[in-house]
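Taking our numbering, the leading residue of the sequence shown gets 130, the next gets one more, and so forth. For glycine and all other residues, C-beta sits at the position ideal for the given N, C-alpha and C. Read the structure below first, then the notes.
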Amino acid sequence: MNERKAAHLNHSELWEQWKEHGDKEAKKQLIEKYLHIVEYVSGRLAVGLPKNVSKDDLASNGVMGLIDALEKFDYGRGLQFETYASWRVRGAILDGLRQGDWVPRSVREKAKKIEDAYQHLEQRYLRTVSDEEMSHYLDVSEKEFQNMIQEVAVMSIVSLEDPIREEESETRLSLLVDEKAKNPDHKVNEFTLRDALAQGIDKLTEKERIVVSLLYYEDLSLSEIAEVMSLSPSRISQLHSKAILRLRATLDKQRDLLMRKD
């Protein structure tokens, strides 16, 4: 099909030409039509990332995710491509970040130390622990603890997107959404982890719950949440980091229990 003819095709006709006839020009137009998804997702993920992470690299990985979505999407089922593509684009960008190893080892170790502290103290007291209690346990001042939280904030952007187990593709965030039916044993474990996640969210402070809700359910950016809550972006980032570290600790504890049962 020539470019002039393709230019006059409507949306459904472009999908038909691409999926049924493999028309490259139709595919090109679909890519151009949905580039705004890449711009939106990469823009949201860029918030809070270190300056050494190139926005162009994020967008480039996002485009690869968009192309992958176009390749695999079944347009005949009448589903929303935008929703499907957003997850593919997001996944491609996060994969690129992980492969680039953009978080220094020292930051990862610090995040793990805080996560373990949350898990230990909340298991001991069976409640949400305060910053003062965390500082005392870690043997640092409250100001130093706040600085630690701020330093590991960049890790929390992909924390819920990380695999529950290194050898698996299932992520913590996938526990929040319905998946295709799986075998009974897997389902039991999944429901157990989802219940643990729900309990973990209930134990967050009110402000932490609001941040998690606005970010992951209402799809607001950190800067938008800061405006809604009348707090600084850095404070929102800090609340988000603490919430994610608490939830990681809760899920990792439950995961270890399930592994011991297996």
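key: Helix, strand or coil at Glu347 according to DSSP, with G and I counted as helix   = coil
query = Nearest to Ser141 by CA position, among Asp203, Leu333, Gln248, Ser264, is which residue?
reply = Asp203
message = Is the beta carbon of Leu349 closer than 9 Å to that of Arg375?
response = Note that the C-beta distance between Arg375 and Leu349 is not below 9 Å.
Euclidean distance between Cα positions of Ala378 and Ala155 = 47 Å
request  = Go ahead and pull the three-state DSSP assignment for Tyr247.
outcome  = Here Tyr247 sits in helix by DSSP.
request  = Check Asn139 in the structure and name its three-state DSSP category.
outcome  = coil
Close beta carbons around Lys382, own chain, < 6 Å, minus the five adjacent residues each side = Gln248
message = Tell me whether Gln328, by its Cβ, gets closer than 8 Å to a heavy atom of the ligand SAM.
response = Ligands displayed in this structure: none; no statement on the ligand SAM is therefore possible.
ask   = Does the region 357-369 come close enough to the region 273-283 that 3 or more CB-CB pairs lie under 8 Å?
value = yes
query = In chain order, what residues of the same chain have a beta carbon less than 8 Å from the beta carbon of Ser363, not counting five sequence neighbours either side?
reply = Gln279
Nonlocal neighbours in the same chain, by C-beta distance under 6 Å from Val218, ignoring five residues either side = Excluding sequence positions up to five before and after Val218, its CB lies within less than 6 Å of the CB of Ile166, Val167, Val170, Gly191, Gly194, Leu195, all in the same chain and listed in chain order.
query = How would you call Ser215, buried or exposed, if buried means at least 16 neighbouring beta carbons within 10 angstroms?
reply = buried
message = What would DSSP say about Gln228, mapped onto helix, strand or coil?
response = In the three-state scheme derived from DSSP, where H, G and I count as helix and E and B as strand, Gln228 is classed as helix.
task = Consult DSSP for Thr300 and reduce its assignment to one of helix, strand or coil.
result = With a pLDDT of only 48 at Thr300, under the threshold of 50, the placement of this residue in the model should not be trusted; the figure read from the coordinates follows. The answer is strand: DSSP assigns Thr300 an E or B state.
task = Under 8 Å by Cβ, that's how I've got Asp197 and Ala221 pegged, so tell me the actual separation to the nearest angstrom.
result = 7 Å
Backbone CA spacing between Leu380 and Asp245 [nearest angstrom] = 12 Å
request  = Assign Lys163 to one of three DSSP states: helix, strand, or coil.
outcome  = At residue 163 the sequence reads Tyr, which differs from the Lys that was named. Tyr163 carries a coil assignment under DSSP once its states are collapsed to helix, strand and coil.
Three-state secondary structure (DSSP) of Thr257 = coil
task = Put Ser183 into one of helix, strand or coil per three-state DSSP.
result = coil
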